[in-house]
Each structure stands twice: as structure tokens, then as C-alpha cells.
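Visitor: Residues in the sequence shown are numbered consecutively from 283, following this note's numbering.
Glycine is no exception: its CB is placed at the ideal position from the N, C-alpha and C atoms.
Quick caveat: nothing in here was measured; it's all calculated off a predicted structure.
Below is the structure I would like to discuss, written out as C-alpha cells.
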Amino acid sequence: MSFTLPDLPYSYDALAPYMSRETLEYHHDKHHLAYVNNGNNLLKGTEFEGKSLEEIVKGSFGKNAPLFNNAGQHYNHLHFWHWLKPNGGGAIPGELEKKLVEDFGSLDKFKEEFVAAGVGQFGSGWAWLAVKDGKLVVTKTPNGENPLVHGATPILGVDVWEHSYYIDYRNRRPDYLKAFVEHLVNWEYVAELYSKAG
Ligand code: MN3
């Protein structure tokens, strides 16, 4: 398969004031597009042509760094647009809420750990909520890496590359992460991925 850039599932103004039109225009139209274009060029002539995106991400990790970086970032951003929604961050669907409380002690504790993972990722990368061995875990990864290559299934991720927040928050990454958790997360999509993660 070749990679294609999907449209955003909402308008460019829909996430303001927590994420601006300008951020989405750069992040989606330029950064994500570059991962798509570079990924397609790097995929040509490799053993991964014709494989699914997940297979490419897992298969190229540790073997073909340029392809992995772009395929990983394409995978991450495909989900990232759906991890956001206007008026997000509200009630968490029941089953998932129960599991979060079970595995983290409380919702506040989960949010604290998730934000701390994003703040603590030195340089570019992502913070994650993932399912590993039947448990919900918070992790962080550098650059384009994600939990798929560490034996886990990502169900929520936040992009902490500066291109995701610098226009709106400048150097205040913690404020961006708090706004993400409180006002932007699309919990219905997280719950959908959780139910599929089994
Ligand atoms: Mn990004």
C-alpha cells in the first residue's frame, strides 16, 4: 500500500483556542504530508511494498531507520487527528474509565502520569496510553517510535514535537499537555481502540 494524507475529521478552527488553525495547517498540511511523501519514496523497491502500515512500522523498526521514522510518524498522526475533537476531554466511556481507575488508582492519577510522561520526554517524541499484557500503561517514546514496536497497543498518544504546540504555547509544553487532557481528548475514539485491543 502507499501512504495517503487523510483530511482532518473537523475544521481547522474547531480545536481553538486549545489548538489553533495555524498549528493544524502546519502540522497536518506540511508535517504530516512530508511523512506521507517521504514514506512513499522510501517504501519504493523495499520488501515492505504491499504490506499494511502496521506491518511496515513493526518490520522496519531497527532495520530501516528512514522508512521507520516516516511510516511510524504516518501511523501516529493518522490516529492523532482522531485522538482530538472539539469540546473533548469530557466523560470517559464506562468500561475504559473503570479500567483506568483499576490500573492507575484514579483518573487524576492517570492524567498526572500521562502529562508527566509528555513533560519528561526529552526532545521530540510522544506520550502514550497503551494496552500491554492486559494492563493499561503510560509510556513515552522518542521521535516517531510508538508502543507497537514495544509489544503494546497504543490507544491514546500525544505528540510532543514542538511543531504540535510551539505556535500556541511556545515553550510551555506542560500547559499544552494539560489542555490536551482537559479539553481535546476524543475519549470515544480511545474507547473504540481499547475495545479492539482486547
Ligand atoms: Mn507531529
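1. Is Ala473 closer than 7 Å to Leu366 when the C-beta atoms are compared?
2. Closer than 8 Å by C-beta to Arg455: which residues in its own chain qualify, once you throw out the five before and the five after it? Chain order, please.
3. When the Cα atoms are used, what is the spatial distance from Pro375 to Glu444?
4. What does a CB cutoff of less than 7 Å around Val318 pick up in its chain, not counting 5 residues either side in sequence?
5. Considering Val383, what are the terminal residues of the beta strand (DSSP E) in which it resides?
6. In this structure, does DSSP put Pro299 in helix, strand or coil?
7. So, at 8 Å on beta carbons, what are the nonlocal neighbours of Leu411 in its own chain, with the 5 sequence-adjacent residues on each side left out?
8. In whole angstroms, what is the alpha-carbon distance linking Thr305 and Thr328?
9. Could you please go through the chain and list the residues whose beta-carbon is closer than 6 Å to any non-hydrogen atom of the ligand MN3?
10. Tell me which residues share the same chain as Tyr458 and place their Cβ nearer than 6 Å to its Cβ, disregarding the 5 neighbours each side in the sequence.
11. Any idea if Ala434 is buried or exposed, counting beta-carbon neighbours within 10 angstroms, 16 or more meaning buried?
12. Assuming Asn428 and Asn358 make a contact with CB atoms under 8 Å, what is their CB distance in whole Å?
13. If the criterion is Cβ atoms closer than 7 Å, does the pair Ser413 and Phe343 meet it?
Guide: Straight from the coordinates:
1. No, the pair does not count as a contact, with Cβ atoms beyond the cut-off.
2. Excluding sequence neighbours, Arg455 sits near Gly400, Val401, Val442 and Tyr447.
3. Whole-angstrom Cα-Cα distance: 30 Å.
4. Answer for Val318: Phe285, Thr286, Leu287 and His356, listed in chain order.
5. Run containing Val383: none in the beta strand (DSSP E); it sits in the alpha helix (DSSP H), Gly376 to Phe386.
6. If DSSP states are grouped into helix, strand and coil, Pro299 belongs with coil.
7. Excluding residues within five positions, the ones whose Cβ falls inside 8 Å are Phe392, Phe396, Leu418, Val419, Val420, Pro436, Ile437, Leu438, Gly439 and Val472.
8. If I take the Cα positions, the gap works out to 33 Å.
9. After applying the 6 Å Cβ criterion, the set is His309, His313, His359, Asp441, Trp443, His445 and Ser446.
10. Taken in chain order, the residues that qualify are Tyr447 and Tyr451.
11. Buried is the label assigned to Ala434, since at least 16 other Cβ atoms lie within 10 Å of its Cβ.
12. Indeed they touch by this definition, with Cβ atoms about 6 Å apart.
13. According to the sequence provided, residue 413 is Val. The question's Ser does not apply to it. Phe343 is positioned such that its CB atom lies no closer than 7 Å to that of Val413.
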